[in-house]
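Chains as they are written, first to last, in our numbering: chain H, 3 to 285; chain X, 16 to 297. For every residue, glycine included, the Cβ atom is placed at its ideal position computed from N, Cα and C.
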Amino acid sequence: MAEYFRSRNLPVPRELERNFLTDWRRLGTIVVVMAVLYIGLQITGIDTSRANLGYWFSVLGQLVNFDFSIMTPQNEFETFWETAGGQMIVTIFLGIIATAMSIVIALPLSFLGARNIMTGNPITAAIYGIVRVIFTVVRSIDVLIVVILSSILFGLGNAAGVFALAFHNIGVLGKLYSEAIEGIDPGPGEAITATGADRFQVIWTAVLPQIVNPFISFTIYRLDANVRLAPILGLVGGGGIGQLLFFTINLLQYRKAGLIIFLIILTVAVMDFVSAQVRRRLI
Amino acid sequence: MRIEHLSKVYPNGTRALDDVSLDIHRGEFVVLIGLSGSGKSTLLRCINRLVEPTSGRIVFDGVDMTRVRGGELRRMRRRIGMIFQQFNLVRRSSVFANVLSGRLGSRPLWRTLAMRPTTDDVALAFENLGRVGIVDKAYSRADALSGGQQQRVGIARALMQRPDVMLADEPVASLDPATSHSVMKYLEEINRKDGITVVCSLHFLSLARRYGTRVIALKDGRVAFDGKPAEIDERRFKEIYGEDAVEVEIGVGATAEERAAAEAAIATEAAMRAHLETLDTH
């Protein structure tokens, strides 16, 4: 193929000149990847020899053979809210409250973290930089780690879960909101400025109407994510149905655990569907 | 208004305006022409300080616009209306809200937040909507209107300021020829009837000739021509637009025939729009 170009005195395209088998860069890449995988297997010592397929299947059988006793109060001290159904509802609300708390903080901060709002003088530009760094740092700490820290502060339970979720969500929502503000059309703001309005009036009349929809969309997306995260937090001390799941697994009550897992899957599926529907209708 | 030795150098080194000096008198209809990038937009935006000039002065009614700051700047801006090529309406808000926003500068913040315009402002908004002929669209969303209608909303918004001067940055560049004329006619009307000084940048010389009382041509940030529209002949035209340029006539009212064609186009557009609306209601 390369001959075609050479015989006509044309430059040969680079991809034709290379030979797959002799290209040292490709060979080098393959060697490096193989080496990394080999070393990884050696030092992690992944050992599958103790796998017990028979026991696994018996547990799997118990997991799908739901024990419905956890759906109703078992003695006079238990109320509906201690049952699996009650705890599921509590967990959904943990997600909702955490989202609400994070909106209250992320919403005003997001304006300070939007470049197009904050340019103009060095002080506001500095605030913009600081707010953006805060968002990134807050976002980069995984929720599970935050739960461990907040459960030291609040003790195990719902408070630890809610504050951890809210904390992480401030970083995520703040970034999403800020970027929505940065994506607006600057024209209307310019026009309102030209009428002699002050900065706040410009934001209120020209910026807000443009960001309402993206804000609602992002908020529902995060609400969905938080309700999905909330059950997991219970496993590390964040309260809610996750804690219940953690206890039943520790007590080897797999029939109860199976029902709880099913409830969580059901909730997540419903949330997913509802949030997709709502967001689609908004756009 | 007096512009003295105005220069603007953008941070990337572009010299958009280079020592521009002009006197603009009350009641004039000044048309700025020139190639893209010749500094028309920058000059207009320097006047109301949407762009900060690098050096020079703009004296408007005895006040140096380049020196005022904060509240004083906002008070001066209120006397200068502006309309834009891209209309710059808040697309998701109603026409009525957009027109009212022209009055923000004169009203306290709480009225903005509580969305409580004064009765006078509401009356003025409808008066101005009436002047540009779109009262029936008052509660439509701004982005539901055609380009020409959106530009008329832009004019109504600027009129809310009861301005002494109207700046227009390529107000018809996004519009078709027939609609361009209807928008230019509204500008002409506020110039003649209300005595509002108009400074308007345009691409088409034919429009400049038809509407302007004075034409200022910019070339590479300098004034290349300043005089009566009729004084622009073939030679001057080539000076402003370059040797290869050919003048394009845009459906202008130069001959009776063309005027009839333009009006027919407006009528057709109106009929089509009316038809589309009846379709919408079903």
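Determine whether the Cβ of residue i lies closer than 8 Å to any Cβ atom of chain X.
| i | result |
| --- | --- |
| R117 (chain H) | no |
| A208 (chain H) | yes |
| P211 (chain H) | yes |
| V125 (chain H) | Note that residue 125 (chain H) corresponds to Ile in the displayed sequence, not to Val. Taking Cβ atoms only, chain X never reaches closer than 8 Å to I125 (chain H), which makes this a no. |
| I194 (chain H) | yes |
| T121 (chain H) | no |
| G198 (chain H) | yes |
| Q44 (chain H) | no |
| F202 (chain H) | yes |
| S219 (chain H) | no |
From what residue to what residue does the alpha helix (DSSP H) around residue i run?
| i | result |
| --- | --- |
| E181 (chain H) | 160-184 |
| I255 (chain X) | 249-256 |
| G30 (chain H) | 26-46 |
| H40 (chain X) | Looking at the DSSP string, H40 (chain X) is not in any alpha helix (DSSP H), and its letter there is neither H nor E. |
| M181 (chain X) | Careful: M181 (chain X) lies outside any alpha helix (DSSP H), inside the beta strand (DSSP E) at 180-184. |
| L225 (chain H) | 210-235 |
| G122 (chain H) | No alpha helix (DSSP H) holds G122 (chain H); DSSP gives it neither H nor E. |
| V276 (chain H) | 256-284 |
| A140 (chain X) | 134-146 |
| M289 (chain H) | In the structure as shown, chain H starts at 3 and stops at 285, and residue 289 (chain H) therefore has no counterpart that could be examined. |
| G52 (chain X) | No alpha helix (DSSP H) holds G52 (chain X); DSSP gives it neither H nor E. |
| I13 (chain X) | Only positions 16 to 297 of chain X appear in this structure, which leaves residue 13 (chain X) out of reach. |
| W125 (chain X) | 124-129 |
| T50 (chain H) | Element bounds for T50 (chain H): n/a, residue is neither H nor E. |
With 8 Å set as the bound, which would you pick, yes or no: does the beta-carbon of residue i sit closer than that to a beta-carbon of chain H?
| i | result |
| --- | --- |
| L65 (chain X) | yes |
| D34 (chain X) | no |
| N27 (chain X) | no |
| N143 (chain X) | no |
| N103 (chain X) | yes |
| V267 (chain X) | Interpretation of V267 (chain X) is limited by its pLDDT of 47, a score under 50 that renders its predicted location unreliable; no figure is taken from the coordinates. |
| H297 (chain X) | Since pLDDT at H297 (chain X) reaches only 48, below the 50 mark, its modelled position is unreliable, and the value read off the structure follows with that caveat. Output row for H297 (chain X): interface = no. |
In terms of residues, what are the limits of the beta strand (DSSP E) holding residue i?
| i | result |
| --- | --- |
| M80 (chain X) | M80 (chain X) -> no beta strand (DSSP E), and no H or E assigned at all. |
| T212 (chain X) | 212-216 |
| S60 (chain H) | That residue, S60 (chain H), is in no beta strand (DSSP E); its alpha helix (DSSP H) goes 55-66. |
| F7 (chain H) | F7 (chain H) -> not in any beta strand (DSSP E); alpha helix (DSSP H) instead, spanning 4-9. |
| L222 (chain X) | Run containing L222 (chain X): none in the beta strand (DSSP E); it sits in the alpha helix (DSSP H), 220-226. |
| M97 (chain X) | 95-98 |
| E78 (chain H) | First-last for E78 (chain H): undefined, no H or E at that position. |
| V230 (chain X) | 229-234 |
| K17 (chain X) | Checking the displayed sequence, the identity of residue 17 (chain X) turns out to be Arg instead of Lys. 17-24 is the extent of the beta strand (DSSP E) around R17 (chain X). |
| G360 (chain X) | Because chain X here runs from 16 to 297, residue 360 (chain X) falls outside it and cannot be looked at. |
Beta carbon of residue i: closer than 7 Å to some heavy atom of the ligand SAH?
| i | result |
| --- | --- |
| S70 (chain X) | In the structure on display, the ligand SAH does not appear, and there are no ligands present to speak of. |
Give me the residue from the options with the minimum Cα distance to residue i.
| i | options | result |
| --- | --- | --- |
| A162 (chain H) | H:N54, H:V139, H:G240 | H:G240 |
| R72 (chain X) | X:F44, X:I247, X:S116, X:E19 | X:E19 |
| N171 (chain H) | H:I213, H:A100, H:Y130 | H:A100 |
| E142 (chain X) | X:R167, X:A260, X:P132, X:A171 | X:A171 |
| V214 (chain X) | X:K55, X:R30, X:G28 | X:K55 |
| I247 (chain X) | X:D235, X:G227, X:R177 | X:G227 |
| R30 (chain X) | X:V46, X:L160, X:S70 | X:S70 |
| N160 (chain H) | H:A4, H:T93, H:I119 | H:T93 |
| R84 (chain X) | X:F99, X:G96, X:N63, X:M97 | X:N63 |
| L247 (chain H) | H:G87, H:P75, H:A108 | H:G87 |
With 8 Å as the threshold, decide whether the Cβ of residue i is near any Cβ in chain A.
| i | result |
| --- | --- |
| R134 (chain H) | Protein chains H and X are contained in the structure displayed, whereas chain A is not. |
Residues in the region 105-123 of chain X having any Cβ partner in chain H nearer than 7 Å: V105, R107, S108, S116, G117, L119, G120
Interface residues of the region 81-100 of chain X facing chain H [CB-CB below 7 Å]: R89, R90, R92, R93, M97, F99
Under 8 Å: do the region 189-207 of chain H and the region 99-106 of chain X share three or more Cβ pairs, one atom per stretch? yes
Report yes or no: do the region 18-38 of chain X and the region 195-205 of chain X share at least 3 C-beta pairs separated by less than 8 Å? no
Any 3 or more C-beta pairs closer than 8 Å across the region 255-270 of chain H and the region 170-179 of chain H: no
Given 8 Å, three or more beta-carbon pairs between the region 135-145 of chain H and the region 271-280 of chain H: no
Taking three-plus beta-carbon pairs below 8 Å as touching, is the region 228-248 of chain H in contact with the region 151-169 of chain H? yes
Closer than 8 Å, Cβ to Cβ, to anything on chain H: give me those residues from the region 126-137 of chain X, in chain order. T127, L128
Pairs of beta-carbons, one from the region 74-89 of chain X and one from the region 134-146 of chain X, closer than 8 Å: are there three or more? no
The region 65-79 of chain X contacting the region 110-119 of chain X, beta-carbon criterion three pairs below 8 Å: no
Compile a chain-ordered list of the residues in the region 170-181 of chain X whose CB is closer than 8 Å to at least one CB of chain H. R172, A173, M175, Q176
What are the residues in the region 179-192 of chain H lying within 7 Å of chain X by C-beta distance? G189, P190, E192
Say whether the region 89-106 of chain H touches the region 212-225 of chain H, bearing in mind that this needs 3 or more beta-carbon pairs closer than 8 Å, one atom from each stretch. yes
Cβ contact check for the region 219-239 of chain X and the region 44-55 of chain X: 3 or more pairs under 8 Å: yes
Decide yes or no for the touch test of the region 198-206 of chain H against the region 49-65 of chain H: beta carbon pairs closer than 8 Å, at least 3 of them. no
Using a Cβ distance threshold of 8 Å, determine whether the region 183-190 of chain X contacts the region 147-166 of chain X, with at least three qualifying pairs required. yes
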